[in-house]
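Going letter by letter, the sequence shown gives residues 1 to 290 in the UniProt record's numbering. Scroll down for the structure; my scribbles are underneath it.
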Amino acid sequence: MKARQGKPAAKPEQDVTEQLGLKPGQSIELLKALHILTREGKINQDSRRKLKQVYHLYQFIAPILEELSADDHAVTLADHGAGKSYLGFILYDLYFKPLGRGHIYGIETRAPLVEASQKLAAELGFDRMGFLNMSVAESTHADFMPAQFDVVTALHACDTATDDAIAFGLEKKAKAMVLVPCCQAEVAACLRQTKALSLTRTPLAELWRHPIHTREMGSQLTNVLRCLYLEACGYQVTVTELVGWEHSMKNELIIARYTGQKKRSSVERLRAILEEFGLSGSALAHRFGQ
Ligand SMILES: C[S@@+](CC[C@H](N)C(=O)[O-])C[C@H]1O[C@@H](n2cnc3c(N)ncnc32)[C@H](O)[C@@H]1O
């Protein structure tokens, strides 16, 4: 790049810092390992989007971490369906590393991804990160896991893994859960089974008569049930759009903060909705405490 007249050309690393909006002390080695930067330190435009997205999510998580870290508390965070652990690594680098306390656990069923994350954490000296090769459900009852977790995150954890993450959060008395659900097939499958009957009972069944609507309705209904369930369990729930997630249709962000006030009306609504959609007797009702 040519220097403007009178101004010296920016050094490449200065350029990268500005363009990516990097924070002071952020690890360049980590960004290279996550392929956000090339080995030569240039910006990889494809992965850059991923960083922007994780940064965006970080804006929601950072104030929660700040609040929970008060009084020298060492926050424990479980990231479910961690994949390559972009989120966990960025959270550690931006928050846990400078703070000098707290622990992140990444839970992921794909062994090669877990091994790669373990290796990278060791190389970077991120020694308060652990990666477990197991399912979310298994991790809930693993005896070596802490009995309490402060924060649970699940970013596009597939299908019912989000529900398992909620069950984990409830079991571990999480103070906050930050969930970006992925595609969900379980409720749609139940809606499909009872569709004919529902169509005879209510004109509202038109909302899920066509297969594409069944899928979409199943997904929408799942997230509504998740929110009601969290409220019934004493969480205050905010649902918003995870802006910046342009490449994904799945950009609903559910943030649940524990208040201890269990909403009776949410329990009633949850039951009524399950009933209305012919889901009360289905195996999935137990996911929502029924
Ligand atoms: C779509 S990826 C998202 C990865 C990462 N959270 C991200 O946003 O980049 C979902 C990940 O969840 C993992 N996964 C799916 N079901 C799981 C389960 N029940 N327990 C743990 N991991 C699971 C998959 O192997 C996959 O790596």
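Glycine is no exception: its CB is placed at the ideal position from the N, C-alpha and C atoms. Since this is a predicted model, take the numbers as computed values, not measurements.
Between ligand 1 and the CB of T109, the shortest heavy atom gap is smaller than 7 Å. For A188 and E40, the gap between their C-alpha atoms comes out near 47 Å.
Taking non-hydrogen atoms of ligand 1 into account, the C-beta of V178 is found less than 7 Å away from none of them. Listed in chain order, the beta strand (DSSP E) elements of length 3 or more contained wholly in the UniProt domain "Methyltransferase" (49-189) are 76-80, 103-108, 129-133, 151-155 and 176-180. Residues L87 and V180 of the same chain have their beta carbon placed closer than 6 Å to that of L155, with the five preceding and five following residues left out of the count. With a cutoff of 7 Å, D164 counts as near ligand 1, since its C-beta is closer than that to a heavy atom of the ligand.
With a threshold of 16 other beta carbon atoms within 10 Å, D93 meets it and is buried. Going by DSSP, T222 is part of no beta strand (DSSP E) but of the alpha helix (DSSP H) stretching over P211 to A232. Around M129, the same chain offers Y92, I104 and A121 as residues with beta carbons nearer than 6 Å, after the five sequence neighbours per side are excluded.
Looking from the CA of R226, the closest CA among L68, Q290 and K97 belongs to Q290.
For Q53, the number of other beta carbons within 10 angstroms of its own is at least 16, and it is reported as buried. Annotation: K175 to T200 spans about 43 Å, alpha carbon to alpha carbon. Short note on G81: C-beta closer than 7 Å to some heavy atom of ligand 1. Residue pairing by DSSP places A256 opposite M177 and V237 in a beta bridge. Taking the CA atoms as reference points, V136 sits about 31 Å from K195.
Taking a cut-off of 8 Å on C-beta distances, the region 217-232 does not touch the region 142-151, as fewer than three cross pairs fall below it. S265 counts as exposed, since fewer than 16 other C-beta atoms from the protein chains shown sit within 10 angstroms of its C-beta. Here I107 really is in contact with M134; their C-beta atoms are around 6 Å apart, less than 8 Å. In the displayed model, L34 falls within coil according to three-state DSSP, outside both helix and strand.
Between D159 and A185, the gap from beta carbon to beta carbon is short of 8 Å. For the 8 Å CB-CB criterion, E241 and L230 do not form a contact. Within 7 Å of the C-beta of L155 there is at least one heavy atom belonging to ligand 1.
Excluding five sequence positions before and after Q19, the CB atoms of its chain that fall closer than 7 Å to its own CB belong to I43, given in chain order.
As the crow flies, the alpha-carbon of L207 is around 36 Å from that of K173. Separation of the CB atoms of F89 and L34 is rounded to 7 Å, and the pair is thereby assigned contact status at 8 Å. The closest CA to that of S198, considering only L279, Y95, D46 and S27, is found on L279. Taking C-beta separations shorter than 6 Å and ignoring five residues to either side along the sequence, L99 has no partners in its chain.
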